[in-house]
Structure formats: structure tokens, C-alpha cells
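Chains as they are written, first to last, in the numbering used here: chain A, 1365 to 1814; chain B, 53 to 261; chain C, 38 to 903.
Even glycine gets a Cβ: it sits at the ideal position worked out from N, Cα and C.
All of these numbers come straight from a predicted model, not from anything done at the bench.
Below is one structure; the comments refer to it alone.
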Ligand SMILES: Cc1cc2nc3c(=O)[nH]c(=O)nc-3n(C[C@H](O)[C@H](O)[C@H](O)COP(=O)(O)O)c2cc1C
Ligand code: SF4
Ligand code: FES
């Protein structure tokens, strides 16, 4: 069976001119906004809660619940659409915004109406300049048509939308770093609590959602929350865009129903491995998800939030990166660590120093200047990063790196020995356990160590 | 010998920010908020930044877009460019430089005219990005027309290995495309029209199976 | 503004019950109430909200799966905290290991060694061994961050303290973190030095040896120094300090946090001017004039000469005090002058005095605001003063209020202040218009439209502006603190302030009131001790009031007065109208000066010079502008005289005054120690009764909290409209003056501060500069008849028609100009850089001018190349 393609968000995605208001409206666009404005905000929220839709940005937190955390009252509230999309392997939001910007705008307006926000922002990564231009044009069209601005569609609601371009920093995808960046600061994550829903942008309650999440809002209103909940599995409702990349035949974005079998995704949609190769392993949900070897068992796994979590990884942003037997795990590991070292904001010490140290050790491994003992240290460093950082960027490096060592240790060890040979260092010294902190104790003299 | 001390580049910190390893210049005055009475800001720049400032509840939000404006105007974020932006935003230039140096897309040293960002992240490197990057550098490095940089994931892994050429995404690239990109840019032509991502259909349509 | 009320709660810490105030941050609660130290690096409550960056303070809290940062967790009732589990220990060891990865571990050659939190925490919580064998990150070893501060970036652990300080406390936004992640480092913009009024505080904040004082580097090690607590007598803020003393020399000044005074910060003047104490130029023996020359003399001789001169002058003797004069010295001096010589010609300020009933009413304890009120008030009104120059730490305190508690600041001044960008409203009056402004404000508040227009225009403003300002003053709430510069107290200004206070009902609102900024550090104490023309100790009436500052000058010049005692004061430098004072001193028969340097005044005019004590050598008390009596405690011995002869050298000034008194046959009662004089002072001033040095202790005591001082409630009275501003022609400008923070003789001689010595700078509005073809950086002459040279600084914030010059500086002091109307002319060729530009056009966006202020504070003008 071919996995589902183009079910909801991707329906007619390639229709020419879909990015214009005219075509979008012809296809029923902005009807859901009209419908929402006739409902009470609470009713919209009820639909969202009933749909069970979970955030598509990475954490998979129930969207309706997050909306319900926003306090009632007349203070300035904000809605921010997270279009930073910098997680390696993820490129779904780009295609959605480029081709169907009005759906996002409609979702944002309805979301803002639901929580009582008067100002909303799309925080789009700076590299997506051309997409931002498309959004800007769409926002201008929407404003001209009275969907945005004061008294939208003759109601007494004011909702404004500004497209804010970032300037190149992965960490700004993290919601609190995004807020700081939007406030014109360095994109450092904030200490939580307070959570953005209580104190976010400019200190006001703020709802932050991913592009894909917000695009589901009009869809849910259209279908009804209960109907939407019928798609997918019980805890992973709806469809999901997966961005498939790496060593597969047909990379690209595909829309699947959550719960689709992994094999169907990797073979039916992505066309399986390149000619003459076999799959080795994958990142199931972006480069921060723990790597899993692509065993038969894994191929049978339904692709949804809970099944992947149970198997020891995560769905994340739905970015599938696959690599095959021609690829060395050490290279993937190094690229991963390098990326996170480069993107760590530097605010908290475990992430800043831990990523830096891990990358340096991997460089040493690549240079043939390491011993298998270094693998123990990497694992130990990763375990000391996990859970101890200010935000989860540190974990995002530690999880894949330690999973690679866990699953492919023999390959790492063989690599180390081979590289040592190549570099002329000879076989590694007998292992000394440097993996655990010894506390103050006798130091080995160089002679002893040798 | 595990580490060869002669290979440790002391002070080679790889900073994008000049002056990181120098003493402050004690003959300079402290860099306070530039006084509008003594800071020249071209009228269009001032106006563009002020329009931005009006878009946000807090003017500081306009800092990043404002720096994009002056970067475009000056080619890079020269001290003078920073002072102009700081003057209009009523911030200190240090505030701006702290922000600018945090983000990859701001250039704190003079740079070549055309930005060529080659993605060397996981998905692209699985399909040969490192080779493309090396070739791109061979083709363009040293030419003041080009600013070649290895970039982290640019969000277009379906066309891996890819590059962003002045914001236009192109891929999948072969090493031989590098020369073509160079040509196209030199001639002021559209870059690799057939490989532009913006023209690509959704994957299920693109791959005619 | 309501201040937080705290409730006690109980939580469990490592198995023990601990009681602490609810909401207190866990690390503080554990430390203060639970006797458990949770290690921290980035946490520093003085810097504001915790940032949770270093992760050193991780602890386990039951019910929360992840370890939590103790620095950001408020304690709640019933919370169960473990700081001693395996998991916590591992996390703490890991953080130390991470922090040491890029730290050079060059402790033996590090200035911080021995007093370094990183060393201590590594010892207490670190892993003991390191597994890191990669190359560390390298930066060049210590570099200049400013003339005062060296930075060693290798040692930096990126705790964010210094940059948070610059951005969130001093708000100068000059010191920032550049780059990202492991590449981050602390820096300034484009190699500019970090020069700001409060830059030195980052040295104390840095928990490693990354930021060190260039003045202190390698001068001592922590084990051969002693700490001596005293107060800085550099300005009326009287910050609490701890002096680092080695071999009887002051080597460093550190803050000694007192939230009622300084909130834990020091300005750079207070922090570095200590070097003046050990200057080679100090006068260390008495000098007596013989012919044209001042020659060293024995104490006996000097006392005899001074005594004889005073005795001869009798009621024609006058005294002026300022600087670091203690309450005790002031008390003894006024006693000598009134009790023996029959003279009440005692002055502490340049201008005349306010009527005694106004003086008393202004000292009413009910009207007296405190320093913490500056932070918590609804509104702080600044009148004719700029805290940054006059009481620097208050500037930080007011900013803190604005930032953390939403306090509104409203500024009425002639010259733009450093707080303008944070102000909710600003009003500019013409230089010298303070009195008229106060009358106008009173009129606006009382709705007296008759007076309003006249007074407002007499102030160089207009009725609408003053009314709007009055509305802004009342808008935020009833707790208003009025801070006014002593210089505003002319004519009916005192009554106007009392009227305003009573219209705002400040006497009956607990956290509201007034604060007077005296011109000299102990101005308030001097007057309370009775050193004033119009009243005795404790504001007691005197039979025959004496002359104030201006009249003393006139009296000396005309021969009506014969002898003047200048106690820690240099009128030629610090008082307006230098020509008049030159005449006065030349006309005086005898000038007795207490001075530490051979200033112009001393060299040209003094007949007897007693060497002055530096504040670290003094014992005694000072009174803070908010009424807090604080102790100066001797930290180092007095310098010996030439040849180290016993008996020569500097002596305590209270003793000198007593000796002189005895020489004129006035026995004030023998005192063997300074503390006995203090005791006599406390007995003589009614509201000091009951004070003892012990009770004052290291933190000071506000007498208003203990004693009463009954003043009849003042009813708002009708005020006359002051006469208008003098006329000026189109070509002329109104001259305003200000005293830069750096205008002090200690700054002139402290080697570390040479770079920032105040030089004359003329501040001009862009319009006036344009009209005169003057550009930024040009040299200009300012004056009317007499002219002084100055470097031009064009500031957009200066109102057209006014021009400002610095006073109190060593060269080209503005006090040689005696006209309030001046001309400004460029001298020499114009500068080459076309830097001066027409002022910006209308903002492109409506309402931009009203946008929330952004960061930044203009720093006082400093040295400009000649
Ligand atoms: C380091 C880091 C990077 C992230 N990057 C993104 C991103 O690029 N796009 C995104 O939508 N969410 C990203 N997230 C997740 C956001 O923090 C946040 O959970 C999400 O925007 C919430 O939206 P959702 O509930 O709709 O998923 C990132 C999180 C972390 C920790
Ligand atoms: S220089 Fe000192 S205070 Fe500043 S971040 Fe580094 S360690 Fe912290
Ligand atoms: S002290 Fe708590 S994180 Fe730094």
C-alpha cells in the first residue's frame, strides 16, 4: 500500500497561484475565519481541545492545552508563529509557507482571536528571505481585504501581523530564545518558569506555535475537532508532514497520516535506498532525535509520537534523515556534534562547554588521535549535559551522539583503531577508566601511563 | 605524543569579529549612544529604520531588521554602519554588535558582494556537500565579488547538496555547478535556473514515478 | 509603592526543617536559614532577576524530575530539597569540570588567587581531576579594557555578570558579550574602552580573575592585606566601603553593601580616587607664611599663629567648611567661633541661607525621604540636579526603581540629565530658572493660574509645559520623592518646595518626602552640627546670625571681616565667582587653610596651612543627605612629616581645632580621643541625643527613626513671582554650569584617573552651533568680557539658547565668568570632520518620540584633546 500523500495540508499544494488571496479564496480560503468570528473564542478553543492535535514544532505538546494556559483578561497578549525551522533535516514549513501562505495567516488570525491576542508575529529564519517576501505580500493582501488590522471583517477585534526575519541562529527556534530574538536581543533562551504562556513576548502572555501546527487550525475548524481526532492514532491525531532527506531515492516533503508504518514512508514514499545500497540507520525526527538503526523491527514501527518515543527516540519535527551502509557513523556523529557546538548560544555552561568538548573529542577521533576510552568520556559528557541545561539544545546534541555510540560502538572502535594506524600512533593504550570522576586521587605519572 | 604543541594556534580563535584579541584603544571615547547632532545618517536609512521601529511595541525589536538595512547599505556592518543604526534606534553600538555577532547572517568584516552559503550539514554532506564546498571555495575564494561560507542546514535538504546564492536556493549541486554559479553571478544572470528550489513541485509530483 | 510583605514558611532541606520567608530564593534561604551553601556563579541578586546560566546551583527538589537551579527557585511551604545526593554531587562536579575546560588554571599568577570564588567552588565541589586533554581556548593574556580595568579573557567563565551589570544596572550598554556559544567573549564596541561612571563595579562582580583593577593588580595578595570598613567621603552619597590596606597604605576600595545607602555599588571616583591619599604632593606638615613664602613650621608655631590671628579678629573671623569635614570638626569649629570669637560667619555653601523657619521645616523628619524611597516611590522628581554627577549611586538606585518597580522619574533641570532617557517627563528651564520653576510648579499644583504664567516665563518655560509637568508628577501615585540640588535653594525656592510638599501631602505619606542634595559631601551634617550662619547645633536659634558665603567674600574684600578659616574647602575652585573670592582672600588679613595640596588658594593666599587628613585617616561621623549618621573609621595611620620626625606630620583635625581653641584661651573641655568629641556632639544636638558610636556601628543610624524634631507644620503660603531672566541678544546665550563627577582634586592627582580628569567642554545645541559655524570638536571661547577656552561638544538634547560649562575643575573653571549671558566663538580653524549635521527631520512614524526609551546614558564629558 502506498502511504497517504497530499491529504490535507498538501492538497492542491502545487496549484498555480495558491499563494495569492484570489486563488486561496476561490478554494474556500478565509471561510473558517468568518466562521470563527461567529463563534465565541471559548468554542474555538473547545474544537482545538477536541481535535487532540499536537504541536508540530518538536515537543509535540497538545496545542489546545497550550492555548488554554493563556490567561484571560485584557492585558496585551501575543501570538508568535515559529517559522524558524532550523533543525537539520526539516524543510516542511518552508514549502508550506512558500506555496500556501494564506492558510498560515488564516490559522494565525483564528488562533489570535481564540486567545485574545491583538498582535501576532511570524518569526521566520533569515535565510528564508524569499519565503518571507511571499509572506509579506500575502499579509499585505490580507490586510487590504480586512482580514488583518483594526476591526477585522467588521468585528470589534484588532489583530495585526508582522513578519519578522531572523538573522541566522538555530537556537532562535527554541521558543524563549525566539522571544528574546524578537525583542531585538541575542537569542538566548530564558529561564522557565515563567512560561511564555504567562510571561512571554514583552512580558505579556504569549502563544507560540509552529507553522504546521497553526495551519491545522482552519483545518480543524472546518472538519470539527472530533472529526479531526479520528485521523491518525488515538494520541497522535491528524496528518503530519515528514521531510525526508539523506540517502534515499526520492527526498522531499510528504504528508502522511500519523501512525503510518515506517516502511511505507521510507520505501513507498521515499523510494527506498539509493541503488545498490542498504539502509543503515535514521534520525526519525530531526538531527536532535536519537539515531535508530533501521532494523526490520523499526521498519514495522508506526510513525507517530508515542510509538517512536517507546522505541527510544522521538518524532520531533518529523524530519527523517536516512543514511546507508556507505556512510561512516563517525562522520554523521561529528557533523551532528559540530552543528550543535556551532549553534549553542553559550548561556549555560553544560551545553556551551559540553558540546565544545564533545566536538573536540570527535575531531581527535577523526584525526586518529583517540582511544576507545574517549568514547566513554563522550558518553559521560553527554550524560552530564542531559537534563542539566537551561534549554534542551544541549540534550539535542547529547541524545543523538550518545545513541550513535550506543548502537554503533564497535564501528566507532574499529574506526579509532584504523585511524590510529593511519596516523602512525599504533594500537591504543590499554584502557584506563577515565569515564567516571575519580575524585582527588593519585595521578598517573607519564611513565606509569605509558 | 598526543598533541603537537606547535600545531596549537594560540590566539587563533576564529572569531568573526575583528579586534577580539586586542586591547581597547584607549584613545577612543567610550561608545555611548550616538548623538543625533553629530552622527550622520542618510535620510532614507533613517526613515526605513524609523518605519521599522513603529512596527513593534518596543523599538529594540527593530534592531535586527535595522542592521540588515545598514548591512545592505554599507556592504557589511562597519563601525560606521553600526553607529548609524544605533543613533536612530537610540541604543549603544555595543548593544548592536552583541546582537549582530550572535547571528550568522551579519558580517562584521568586509565581505564579498555575492553571498554564497553552501550547506554542509548532515543531509547535504551525506550527498557530497563537503566536496561542493571545497570546489566552491576554489572557484571563488579571494575574489572580492564573492563571500563563500559553509552554512549549517538551510532548510532545503530535498535538494541536497545545495547552496543559497544571494538568497536563491539551488540544488542538487554537482561540483561542476560551482563554476556555472560563478559565471552566472559574474554575468548578472539568474543562477542555475533549472536547479532553483522555488520552481520545484512537491515531492510526490516532482518525482515522476 | 507597596513594598513586599513576607510570610514565614517551612521547607525541608537535606532532611531538616528550615524556616524562611516565603518566596526567598533557595540559595539564599539555604545559606541564611539552613546553614547549607549551594554554590553559585552567575547568581547575584544585585543584578536583578536570576538567569540560571552557569548551572552550578543544581539541586534536587522532590516532585520535579529534572534537577533545578537553586538560584531561581523561590522557596515554598512544604518543599523538599536535597543538596547532598549523589545526583546533585555529580551534576555539580560536572559543571565545575565544564567551567574549567577553558579556564587556564593559572592561579599562581592570578590576581584573584586566594579570594576567587572559582577556586573555592572547585575546591569544595569540583571533581579533583580533569579529563580534558584538548587544547584550551586561547586569548592574549591581560589586555586593557579601559584605563582602569584589565581583562584576561582566558579566565572568563562566561557567567554574564559583568555584561548584565553594564546592561541592567548601570544601563550604559557598553560591555557586551560578542559571538555565540563557546566562542563568546566579553567585549566592547569596535575597540572602544569601557569607560563609564560605574565601570569599576565589574571588577568586584567577576567571580574569577578575568576582570582586574589595573590600579590594584599585583600590589598585594589576599593574605597580606587587611580590610577596614569606613565610608567614602567623596560625595554626599557616602557609600559604605571596605578599604584594602597593606602596610598602612590603602590599595583598593571595595563596596560594603548597604542597601540603605549604596545598594552595593561604587562609582569610579570613589573606587579609584583613593590613590590621592598616598600622593607625594600631600602637605604633611603645617605651613606658615613668612614674607612671600610658605614654610614648614612646627605644630606649636602654626597653632600659635592661627590662634593669634583669630583672637585678633574676634567677631570679624569667618569660617567656611566643606569636603570631608566631619560633624565633630564642624561642631568644634562653630563652638570656637561662636563661643569664643563671637562670630556666626559660618558658611557651608556659596549662596545665602534660607530663613530659619524654612531650614527647620525642610529638616522635618516627617518630610524626610530615604534612599530606598528613591527605588520604591511612585514618582521621583529631580529638580536642578543630575545625580550622576552629584550623588552617582543614586542614579543607579533611581534606574533600579524604574526598571524593577516601574517608578516614574520626572526631571526638571536646565541641563539635560543622564536620567532623561528613562524619564516619564522632562522639563527644561533656563539656567538659573530653578527658583522660578519651583514657584511655577507650586502654582500649577495649586491651580493658581495667576502666578503660573509669570513664574513659568520667569523660569524660561511656559505655563502649559509646567502644567503638563505637574500632571506627570501626580500621575503615577501619591508617593513622590523630590530630590533637589542645594543650588536651587535661592530666594523663595525653599518655601516653594515646602508648598509643593504640602500640596502633595508628602509629610503624611510614609514613603514620600524630600531629599536635598548638598553641595559638599557632609553638607547636611555640618549644618546639623551648627556650622551655619543662621543657627546653632540642632537648628537652634542664634542671637546674631552671621554672614553666608557670598557675604563673607564681600566682607573680607571690604575689610569688614579680617580672618577666614577654610576647612577642607577651596572657594577659588568650588564656589562661583572666583574673581570675588580672589579679592576676598587677598583682602583678608589672615587666611587659615586646612588643605592637603598646594592649591592656588593655599599657595597664593594662605597664611597658615594645617595639613588635611584624608578620609581613610579620619575618625568621626558624617550625616547622609537622608539623615543617616554614619561613622568614618580610621583605616590607616596619619602620614608623618618630612624626615619622619615624631610630632610632625598630619594630626587629627578635631585635635587641631581644640589646640587652636586652647591657644585663644577657649577650653572646650579636653578631649583625648575623637570619640569623646562625638559624644559631646551627640549631647549638644537634640536629635542626636542617645546616639553612640557603637549604636551607629558599621551601617549608620537615621536619627529620624529614633528622635523627633518638632517643627510647626508649614502651611502653604503665597509666593512672589521671582524676577524674570535677564535680557539677552540674539547673539548671546544663557550660561549654565554643572559640576562633572570627575571635577575633584582627588581625581586630578590619582594616577589611575588622569585619563578622565575633567577638562573644560562647552555644550551647545545643534541650532546654536550651526548659527555660529561651530562644529563638534572645535575649540571655542566662551564668555562676556572674560573668556575661557573650551572644546565644543554638540548635543541634540541641549535646548537652543543655553550653553553649559563645567565648574569645579582645575583649569579654565567656569567660575571665572561672572555674567550669566555669554557669547560663544570659534577660535582657530574649524575641525576637518564634517560631523555636525542639521538636526534630524520629523520622525517618519507618528508617536515615535513617545516610544519607550531605549538604553543608554550619556556620560559626562571628559578629556578632549586640546
Ligand atoms: C533548540 C530548539 C530548536 C527548536 N527549533 C524549532 C524550530 O525551528 N521550529 C519550530 O517550530 N520549533 C522549534 N523548536 C520547538 C519550540 O521550542 C516550540 O516547542 C515550538 O515552537 C512549539 O510549537 P508547537 O507546539 O506548535 O510545536 C525548537 C526547540 C528547541 C529546544
Ligand atoms: S569576565 Fe568575569 S564577570 Fe564577565 S562573564 Fe567572564 S567570568 Fe563572568
Ligand atoms: S547560580 Fe544558579 S545557574 Fe548560575
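Any non-hydrogen atom of ligand 1 closer than 7 Å to residue i Cβ
i               : result
residue 1757(A) : yes
residue 154(B)  : no
residue 1613(A) : no
residue 610(C)  : no
residue 1456(A) : no
residue 1491(A) : no
residue 1539(A) : yes
residue 1534(A) : yes
residue 816(C)  : no
Residue closest to residue i, alpha-carbon to alpha-carbon, out of the options
i               : options                            : result
residue 509(C)  : 327(C), 480(C), 860(C), 464(C)     : 464(C)
residue 282(C)  : 270(C), 266(C), 534(C), 296(C)     : 266(C)
residue 652(C)  : 275(C), 845(C), 350(C), 177(C)     : 275(C)
residue 378(C)  : 370(C), 777(C), 384(C)             : 370(C)
residue 1759(A) : 1619(A), 1780(A), 1700(A), 1492(A) : 1700(A)
residue 1571(A) : 1785(A), 1446(A), 1736(A), 1407(A) : 1446(A)
residue 762(C)  : 314(C), 601(C), 782(C), 858(C)     : 858(C)
residue 215(C)  : 1523(A), 1709(A), 1407(A)          : 1709(A)
residue 335(C)  : 861(C), 678(C), 354(C), 659(C)     : 678(C)
residue 1538(A) : 1428(A), 1756(A), 1523(A), 1620(A) : 1756(A)
residue 602(C)  : 631(C), 579(C), 620(C)             : 631(C)
residue 352(C)  : 593(C), 863(C), 850(C)             : 593(C)
Closer than 7 Å: residue i CB and nearest ligand 3 heavy atom
i              : result
residue 92(C)  : yes
residue 79(C)  : yes
residue 110(C) : no
residue 87(C)  : yes
residue 514(C) : no
residue 586(C) : no
residue 107(C) : yes
Cβ shell of residue i (< 8 Å), same chain only, five flanking positions each side left out
i              : result
residue 103(C) : none
residue 856(C) : 772, 820, 821, 822
Neighbourhood of residue i by C-beta, 7 Å cutoff - its chain only, sequence neighbours within 5 removed
i               : result
residue 436(C)  : 208, 459
residue 1501(A) : none
residue 428(C)  : 272, 273, 274, 554
residue 548(C)  : 410, 413, 414, 516
Neighbourhood of residue i by C-beta distance below 6 Å, restricted to the same chain and skipping five residues each side
i               : result
residue 184(C)  : 792
residue 1496(A) : 1488, 1527, 1529
residue 473(C)  : 492, 495, 496, 759
residue 847(C)  : 785
residue 114(C)  : 46
Cross-strand partners of residue i (DSSP beta bridge)
i               : result
residue 1446(A) : 1487(A), 1574(A)
residue 111(C)  : 62(C)
request  = Let me know the beta strand (DSSP E) ranges lying completely inside the segment 282-308 of chain C, each 3 residues or longer, listed in chain order.
outcome  = 286-292
query = Hey, which unbroken runs of the beta strand (DSSP E) at 3 residues or more fall wholly within the segment 1461-1488 of chain A?
reply = Within the segment 1461-1488 of chain A, the complete beta strand (DSSP E) runs of at least 3 residues are 1483-1488.
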